[in-house]
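Q:
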Amino acid sequence: MKTYMLACVALLLACCYVLPIFADHHEAGEMQMLQFPESYKGMAVSNGGTISGTVTFEGDVPEMKILEITKDETVCAATEKHDESLVVGEGNALKNTIVYLVDISQGKVLDKAVKPEIDQKGCKFTPHVQIVPVGVRLTMLNNDKVNHNVHIFSSVNKPVNKQQTKNRKKLRLAGVKKAEGPVQVKCDIHGWMSAWLAYVPHPYFAVTDEMGKFTLEDVPPGTYQLGYWHEACGTNSESPATVTVEAGGTVTQDFTLSMKKM
Amino acid sequence: MTRRYKKITFLTGQSRPGGRAAWAMLLGCCALLASMLSVARAQKAPEASEEGKRVYEKSCAHCHGIEGRGDGSAAENLLPRPRDFTRGLYKIRSTEAGQLPTDQDLFDILTEGMPGSSMPGWETALSANERWEVVAYIKTFHEGFKENEAPRQIDLSGKIAYSEQSVETGKALYTELGCVECHGNVGRGDGTSAPTLTDEWGFRTWPANLAQGWNFRGGGDTEDIFKRFIGGIAGSPMPAFEGDSFLHFGLASEESKRLTELESKDEMTEAEEEESGKFYEKMDAAVDIALSITEGETLNTEDRQTFDNAMRVVYEKSWHLANYVKSLSPEKRPEPAIGNNVLRAQYVGGELPALGDAAWETLKASYFPVVGQIIVEPRQFNPTLDSINVKSFYNDNEVAFLFTWDDRTHTTALEDEETGKKVLEDALAIQFPVKVPQGPTAPKPYFLWGGRLPVYLWHWKASAPEQVTELTAKGINKAEVQAVQSNIQAKGTYTDGQYNLWVKRALKTDDKKDLQIEPGVFVPIAFSAWDGANGDVDTNRVISSWYTFVLEPVPSSRRFIYPPLVALLSVGALFGLRMFVRRRNS
Amino acid sequence: MKRLSLFTTCLIIFVGCWVFLRFIVGSVISVPIPGSVVAMYMGLILIAILVHISVEDSRFREFLRPLRETLVDDNRRVRRRVVAVLVPLVLLAYTYSIFAQRANPPGNPRDAHPSPPLELTYKDEVIGKMQEVENPFRHYEKDEPEAFKAHVENGRRVYYQNCFYCHGDDLDGQGHFASPLQPLPANFQDPGIIPNFQESFLFWRISKGGPGLPAAGTPWDSAMPIWENMLTKDEIWDVILFLSDYTGYQPRTFGEGH
Chain F
220 MKTYMLACVA
230 LLLACCYVLP
240 IFADHHEAGE
250 MQMLQFPESY
260 KGMAVSNGGT
270 ISGTVTFEGD
280 VPEMKILEIT
290 KDETVCAATE
300 KHDESLVVGE
310 GNALKNTIVY
320 LVDISQGKVL
330 DKAVKPEIDQ
340 KGCKFTPHVQ
350 IVPVGVRLTM
360 LNNDKVNHNV
370 HIFSSVNKPV
380 NKQQTKNRKK
390 LRLAGVKKAE
400 GPVQVKCDIH
410 GWMSAWLAYV
420 PHPYFAVTDE
430 MGKFTLEDVP
440 PGTYQLGYWH
450 EACGTNSESP
460 ATVTVEAGGT
470 VTQDFTLSMK
480 KM
Chain X
4 MTRRYKKITF
14 LTGQSRPGGR
24 AAWAMLLGCC
34 ALLASMLSVA
44 RAQKAPEASE
54 EGKRVYEKSC
64 AHCHGIEGRG
74 DGSAAENLLP
84 RPRDFTRGLY
94 KIRSTEAGQL
104 PTDQDLFDIL
114 TEGMPGSSMP
124 GWETALSANE
134 RWEVVAYIKT
144 FHEGFKENEA
154 PRQIDLSGKI
164 AYSEQSVETG
174 KALYTELGCV
184 ECHGNVGRGD
194 GTSAPTLTDE
204 WGFRTWPANL
214 AQGWNFRGGG
224 DTEDIFKRFI
234 GGIAGSPMPA
244 FEGDSFLHFG
254 LASEESKRLT
264 ELESKDEMTE
274 AEEEESGKFY
284 EKMDAAVDIA
294 LSITEGETLN
304 TEDRQTFDNA
314 MRVVYEKSWH
324 LANYVKSLSP
334 EKRPEPAIGN
344 NVLRAQYVGG
354 ELPALGDAAW
364 ETLKASYFPV
374 VGQIIVEPRQ
384 FNPTLDSINV
394 KSFYNDNEVA
404 FLFTWDDRTH
414 TTALEDEETG
424 KKVLEDALAI
434 QFPVKVPQGP
444 TAPKPYFLWG
454 GRLPVYLWHW
464 KASAPEQVTE
474 LTAKGINKAE
484 VQAVQSNIQA
494 KGTYTDGQYN
504 LWVKRALKTD
514 DKKDLQIEPG
524 VFVPIAFSAW
534 DGANGDVDTN
544 RVISSWYTFV
554 LEPVPSSRRF
564 IYPPLVALLS
574 VGALFGLRMF
584 VRRRNS
Chain V
-15 MKRLSLFTTC
-5 LIIFVGCWVF
5 LRFIVGSVIS
15 VPIPGSVVAM
25 YMGLILIAIL
35 VHISVEDSRF
45 REFLRPLRET
55 LVDDNRRVRR
65 RVVAVLVPLV
75 LLAYTYSIFA
85 QRANPPGNPR
95 DAHPSPPLEL
105 TYKDEVIGKM
115 QEVENPFRHY
125 EKDEPEAFKA
135 HVENGRRVYY
145 QNCFYCHGDD
155 LDGQGHFASP
165 LQPLPANFQD
175 PGIIPNFQES
185 FLFWRISKGG
195 PGLPAAGTPW
205 DSAMPIWENM
215 LTKDEIWDVI
225 LFLSDYTGYQ
235 PRTFGEGH
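Protein chains in written order, with my numbering: chain F, 220 to 481; chain X, 4 to 589; chain V, -15 to 242.
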């Protein structure tokens, strides 16, 4: 009898010890990460299909918050700066949503000749969301004539924290090894500046434009999961949309997003 | 890897008078033995030994968490937050940017702690062996340590000795590289970006006050400062000095100087454009090499040479900058004004010096350290103010004080984010008893704004810099503005991260609720201060214990009368004695 | 070799003792002996010397002989002149130093172990007599080790959320808030603290804090908060369990004599 009791207590203790691990995993899920395939093989794709669509926002559109400019006002406050975490256009079109194929394992070759840039014009990052292929160098531009500090809050790759003084028009950053995203980009000197990056391992990533539109081209025929991420609206990583692409065909998949629950 | 033998020693860090040579020898031998052991252990793999786990869970987990995530039960109230070991980001390292620390780095931090934070040194609490076990244990929290690659260490061999000229060079770099943005014009951590900084985990962080070297987390030696530049302070907004264009990477010293000169011009001529263009190209090529190193490529000999040459210039600049930063702090933390080292107001014959008068420079300030108020709720667990420095003069009728303290922000009216109500602002309160206790055993008022016995306060606020309000308090929440306000002159200024507050009052007032000041009487004095930007308001503040201040009496002129008199008398006494003895003999 | 005169011997003994007490003992135990203690010992030595020389008339005369010689003998003229110059000079310097000395603040005498009240209370609730109340969770140590461990763990949490700022991570009184405080926070690793007090005493010190001290404990200086305003009764008992568990020191029990 006593042995049973002891075993029960031990089991209980073990459970207490193990449970927090699950809790943590749950938290990790809440961090709203992009999902990447375990491996990806690049090849020539002929007669691929196209996935396109529109992302719209549903719900009361909150007024864009005007950012408080606390320094370098002559440069930074020349124009009004808005919090760009939610940019809703005409017809509730939702800008800056990353739409991507979750489970593609082979497709067209990842183009490493692209030269992604983020400009820091007027103490604001443009674009607000940028896709950077793995291994490709990102260029930061500074024509502001004020000091900036590029701080990329990576956790899978090493964080980047580099000074870009007022006379350094271009700052090139080393290509990263691992896919990761979304990653926030901030300027420590101007605390209101914020942008997002995705280091991607395959070319099937798109960011919606002002019209909320996205297009993924040259997708090899097949059935895929289509995921999205938006800074303010979250992800559909728990239930991605399923799309079937036919050779040479075009499928449309629209998304309607609402503010993610805090 | 070079090891820092001198750091593992039992002799430093304790300044007891009269250490015996024999003891020193014995301890020296122990230290040597310990350092030899440390070499043997240096290559230790991340290892979850029973002993390491036991010590970690007993001594570290309450802050750093059982799983090393920096989320122990104490973490919530601490800023800087206890480190999250899972990310492998270590602030204080002897290794290059982006590298993990060496075992010795981790051991040194365990041994010496991190000044200015809640991390204590464990030299006396844990044996060297226990500390080494903990080093191995915390390495298990981060995957990167398993690769077991020796991290690249920063080469300190090219040290540039401290000199006026080096400090000057460093000072120019300080502005050029943008250090001012966070650390401020003269380094008091008051840069315009200071109020908005966060660390890698999103927690609030303040730039170091470079005038308070005793609070530098990794030590205030020039080498320590240099290592923070080259290695960066991982996880913080402080960038590392690597192969980056803002350091003119790839240019020789002279070329770098020339480019700075060119870029400082409002407009360049065509020839100058061309000249600078060449520099840019050269920098681009060198940065390319640095980038490919980061990307993991192996360099050919020529590129390696270019890189090494470029890095040498970065190292040179960093030494100059380190010398400049070193020049900003006193050699060590000032001694607190306790014991006989009390605040003594000096007598002057005529008018008391005004704010900014050169006479103030002739006095040495008394140093009053302050701590967060954690006695009455709401409590301030994370103070941003270090100390109040005070000088004082008096004449026959009045006394003048000069209070000086460093505050990274000048806050006169900030809305409280949480309540949205109370207006936060910087302030200082100087506290005296209403009646000076007579004799050492006589009761004083409770040091926290009085209790049964009341205290008399001078309350100054940054929003009204030329006004001091007299308060009477019988408790931290029981302060009342005095109905009769004496004529107190005050003038407060804020420059480059530092407040200077000048206050003048008559020695005697008619108000019974005021302190009456007399030369030669030792008066208890204490301080409360608020940093509005740190959320300080009401009980949320920094405080000091009771200290002592006195109007130093003018030395008595009797010192020229009595001693000669005594000497004369003694001569007389000797003669008298001689006469007496002689008479008896005869 | 000529034998030293009694006067010289006494002088050497006296000065030797002073040097020994003032410099040598202090540096061996690495804490200087307080001046008042040295003065007391020197007084005793002086009395001993006076007793020694005054026991016999002849010895007293022998002791005074060099003094008398210095004062009157013709062949001691040089010595006499040296004394006549030196003695007034030394007195001059000494008197001047007294007058020129700047005043120093009064000391801060403080009873570190003040006597507790007769009754132990939590806020206004009377728990019992100071000499009888025991830690209600102490018995778990023998009866239910698991429950005891839970109480110690809770005490650890309470300690590191409230106390360690001053009393330190290692309970050594060297927390990061400690150094500017006067008096310094208690060091629980000091064998003179926990083993000397009953748990009811510790409860009293924690619950009432600095302001609850009697006057001899200078309640106006202590930064110890009134913890009953912030912690529950059980939390205080738990933190006491943690203090003894961490340091390995057992608080005094009522069985032992005081």
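Backbone N, C-alpha and C fix where the C-beta goes; we use that ideal spot for every residue, glycine too. Since the model is a prediction, treat every value here as computed from it, not as a measurement.
(1) Tell me which residues share the same chain as Gln107 of chain V and place their Cβ nearer than 7 Å to its Cβ, disregarding the 5 neighbours each side in the sequence.
(2) Residues in the same chain with beta-carbon distance under 7 Å from Arg236 of chain V, minus the five sequence neighbours each way, listed in chain order, please.
(3) Does the distance from the C-beta atom of Arg411 of chain X to that of Ser374 of chain F stay below 8 Å?
(4) Exposed or buried, Asp243 of chain F, counting other C-beta atoms within 10 Å across all chains shown (16 or more means buried)?
(5) What's the gap between the Cα of Trp26 of chain X and the Cα of Ser11 of chain V?
(6) Determine whether the Cβ of Tyr449 of chain X lies closer than 8 Å to any Cβ atom of chain V.
(7) If you draw a straight line from the C-alpha of Tyr550 of chain X to the C-alpha of Leu451 of chain X, how long is it?
(8) Can Gly159 of chain V and Pro169 of chain V be called in contact, C-beta distance under 8 Å?
(9) Count the other CB atoms, across all protein chains shown, that sit within 10 Å of the CB of Gly173 of chain X; report buried if there are 16 or more and exposed otherwise.
(10) Hey, Val464 of chain F and Gly446 of chain F: beta-carbon distance below 8 Å or not?
(11) Grab me the residues of Lys314 of chain F's own chain with a C-beta within less than 7 Å of its C-beta, minus the 5 sequence neighbours each way, in chain order.
(12) Between the C-alpha atoms of Tyr80 of chain V and Glu338 of chain X, what's the straight-line distance to the nearest angstrom?
(13) For the 8 Å Cβ check, are there 3 or more pairs between the region -13 to 6 of chain V and the region 18 to 35 of chain V?
(14) Going by C-alpha distance, which of X:Gly73, X:Glu167, X:Pro372 and X:Leu474 is nearest Lys329 of chain X?
(15) Please report how far the alpha carbon of Ala403 of chain X lies from the alpha carbon of Ala357 of chain X, in whole angstroms.
(16) Distance cutoff 8 Å, beta carbons only. Does Phe249 of chain X sit that close to anything in chain F?
(17) Return the residues of the region 325 to 355 of chain X that lie within a Cβ-Cβ distance of less than 7 Å from chain F, sorted by chain order.
(18) For chain X, find out if any of its Cβ atoms is closer than 8 Å to the Cβ of Lys479 of chain F; answer yes or no.
(19) State whether the region 332 to 347 of chain F contacts the region 402 to 418 of chain F, with contact taken as three or more CB pairs (one from each stretch) at a distance under 8 Å.
(20) For a test of the three-state rule: what should DSSP assign to Gln444 of chain F, helix, strand or coil?
(21) Just the C-alpha distance for Gly579 of chain X and Arg60 of chain V, rounded to the nearest angstrom, thanks.
(22) Just confirm the distance between the C-beta atoms of Phe244 of chain X and Ser321 of chain X, as a whole number of angstroms; I'd bet it's less than 8 Å.
(23) What does Asn400 of chain X reach in chain V if we use C-beta pairs closer than 8 Å?
(24) Can you pull the chain X residues whose beta carbon is under 8 Å from the beta carbon of Ser304 of chain F, in chain order?
(25) Mark Pro436 of chain X as exposed unless 16 or more other C-beta atoms lie within 10 angstroms of its C-beta, in which case mark it buried.
(26) Grab me the residues of Thr471 of chain F's own chain with a C-beta within less than 7 Å of its C-beta, minus the 5 sequence neighbours each way, in chain order.
(27) What residues match up with Glu483 of chain X in a beta bridge as DSSP calls it?
(28) What number of angstroms, rounded off, separates the C-alpha of Val484 of chain X from the C-alpha of Leu324 of chain X?
(29) Would a check of beta-carbon distances place Pro93 of chain V closer than 8 Å to chain X?
(30) What does DSSP give as the partner residues of Leu554 of chain X in its beta bridges?
(31) Taking Cβ-Cβ distances shorter than 7 Å, what residues in chain X pair up with Pro420 of chain F?
(32) Quick check on Phe181 of chain V: does DSSP put it in helix, strand or coil?
(33) Between which two residues does the beta strand (DSSP E) carrying Lys494 of chain X extend?
(34) Starting from Pro436 of chain X, trace the beta strand (DSSP E) in both directions and tell me its first and last residue.
(35) Leu294 of chain X CB to nearest chain F CB: under 8 Å?
(36) If we require 4 or more residues per run, which alpha helix (DSSP H) segments fall completely within the region 134 to 159 of chain V?
A: A quick look at the data gives this:
(1) Position 123 of the third sequence, counted from the start, is the residue given in the question as residue 107 of chain V. Looking at the sequence itself, residue 107 of chain V is Lys, so the reference to Gln does not match. Only Glu212 meet the Cβ criterion.
(2) For this step, residue 236 of chain V is matched to residue 252 along the third sequence. Once the five neighbours on either side are set aside, the close Cβ partners of Arg236 of chain V are Pro179, Asn180, Phe181 and Gln182.
(3) Residue mapping note: residue 411 of chain X aligns to position 408 of the second sequence, counting from 1. Residue mapping note: residue 374 of chain F aligns to position 155 of the first sequence, counting from 1. Against a cut-off of 8 Å, the Cβ pair of Ser374 of chain F and Arg411 of chain X comes out as no contact.
(4) For the purposes of this step, residue 243 of chain F is taken as the residue at position 24 of the first sequence. Annotation note: pLDDT 39 at Asp243 of chain F (below 50); position unreliable, coordinate value reported separately. Flag for Asp243 of chain F reads exposed.
(5) Position 23 of the second sequence, counting from 1, holds the residue named residue 26 of chain X. Position 27 of the third sequence, counting from 1, holds the residue named residue 11 of chain V. Low confidence applies to Trp26 of chain X: its pLDDT is 49, below 50, so where it sits in the model is not reliable enough to give any reading.
(6) Taking the first residue of the second sequence as 1, we reach residue 449 of chain X at position 446. By this cut-off, Tyr449 of chain X is an interface position.
(7) Taking the first residue of the second sequence as position 1, residue 550 of chain X is located at position 547. Taking the first residue of the second sequence as position 1, residue 451 of chain X is located at position 448. Their backbone Cα atoms lie some 12 Å apart in a straight line.
(8) Within the third sequence, the letter at position 175 stands for residue 159 of chain V. Within the third sequence, the letter at position 185 stands for residue 169 of chain V. Cβ atoms of Gly159 of chain V and Pro169 of chain V: closer than 8 Å.
(9) The count along the second sequence starts at 1 and reaches residue 173 of chain X at position 170. With 16 or more other Cβ atoms inside 10 Å of its own Cβ, Gly173 of chain X counts as buried.
(10) Your numbering for residue 464 of chain F matches position 245 in the first sequence. Your numbering for residue 446 of chain F matches position 227 in the first sequence. It is not a contact, given that the beta carbons lie outside the stated cut-off.
(11) As a working mapping, residue 314 of chain F is identified with position 95 in the first sequence. So the list reads Val306, Gly308, Thr427, Asp428, Glu429 and Gly431, once near-sequence residues are dropped.
(12) Residue numbering aside, residue 80 of chain V sits at position 96 when the third sequence is read from its first letter. Residue numbering aside, residue 338 of chain X sits at position 335 when the second sequence is read from its first letter. C-alpha separation (whole angstroms): 29 Å.
(13) Because the criterion of three Cβ pairs below 8 Å is met, the region -13 to 6 of chain V and the region 18 to 35 of chain V touch.
(14) The residue labelled residue 329 of chain X in the question sits at position 326 within the second sequence. Ranking X:Gly73, X:Glu167, X:Pro372 and X:Leu474 by Cα distance to Lys329 of chain X puts X:Glu167 first.
(15) As a first step, residue 403 of chain X is located in the second sequence; it is residue number 400 there, counting from the start. As a first step, residue 357 of chain X is located in the second sequence; it is residue number 354 there, counting from the start. The alpha-carbon atoms of Ala403 of chain X and Ala357 of chain X are separated by roughly 8 Å.
(16) The count along the second sequence starts at 1 and reaches residue 249 of chain X at position 246. For Phe249 of chain X, the nearest CB of chain F lies under 8 Å from its own CB, placing it at the interface with that chain.
(17) none
(18) Translated into the one-based positions of the first sequence, residue 479 of chain F becomes position 260. No, Lys479 of chain F lies away from the interface with chain X (no Cβ there is under 8 Å from its Cβ).
(19) yes
(20) Numbered from its first residue, the first sequence carries residue 444 of chain F at position 225. Three-state result, Gln444 of chain F: strand.
(21) One-based indexing of the second sequence puts residue 579 of chain X at position 576. One-based indexing of the third sequence puts residue 60 of chain V at position 76. Cα-Cα distance, rounded: 18 Å.
(22) If you number the second sequence from 1, residue 244 of chain X lands on position 241. If you number the second sequence from 1, residue 321 of chain X lands on position 318. Taking C-beta atoms under 8 Å as the contact rule, Phe244 of chain X and Ser321 of chain X qualify, at a distance of about 6 Å.
(23) Position 397 of the second sequence, counted from the start, is the residue given in the question as residue 400 of chain X. Here the premise fails: no neighbours, minimum Cβ distance about 22 Å.
(24) Residue 304 of chain F sits at position 85 when you count from the first residue of the first sequence. Per Cβ cutoff of 8 Å: no residues; Ser304 of chain F is ~15 Å from chain X at best.
(25) Taking the first residue of the second sequence as position 1, residue 436 of chain X is located at position 433. With 16 or more Cβ atoms within 10 Å of its Cβ, Pro436 of chain X is classed as buried.
(26) The residue you call residue 471 of chain F lines up with position 252 of the first sequence. Excluding sequence neighbours, Thr471 of chain F sits near Ser271 and Gly272.
(27) Taking the second sequence and counting its residues from 1, one reaches residue 483 of chain X at position 480. Beta-bridge pairing links Glu483 of chain X to X:Thr475.
(28) Within the second sequence, the letter at position 481 stands for residue 484 of chain X. Within the second sequence, the letter at position 321 stands for residue 324 of chain X. Their backbone Cα atoms lie some 49 Å apart in a straight line.
(29) For the purposes of this step, residue 93 of chain V is identified with residue 109 of the third sequence, where counting begins at 1. Judged by the 8 Å Cβ criterion, Pro93 of chain V is in contact with chain X.
(30) The sequence position of residue 554 of chain X within the second sequence is 551, counting from 1. Beta-bridge pairing links Leu554 of chain X to X:Ala348 and X:Pro522.
(31) Against the first sequence, residue 420 of chain F aligns to sequence position 201. What Pro420 of chain F touches in chain X: nothing, since even the nearest Cβ is about 16 Å away.
(32) Here the question's residue 181 of chain V lines up with position 197 in the third sequence. Residue state, collapsed to three classes: coil.
(33) Translated into the one-based positions of the second sequence, residue 494 of chain X becomes position 491. Looking at the DSSP string, the run of the beta strand (DSSP E) that includes Lys494 of chain X is Gln492 to Thr498.
(34) In the second sequence, counting from the first residue as 1, residue 436 of chain X sits at position 433. Ala430 to Pro436 is the extent of the beta strand (DSSP E) around Pro436 of chain X.
(35) What you label residue 294 of chain X is simply residue 291 of the second sequence in a count that begins at 1. For Leu294 of chain X, the answer is yes, since a Cβ of chain F falls inside 8 Å of its Cβ.
(36) 148 to 151
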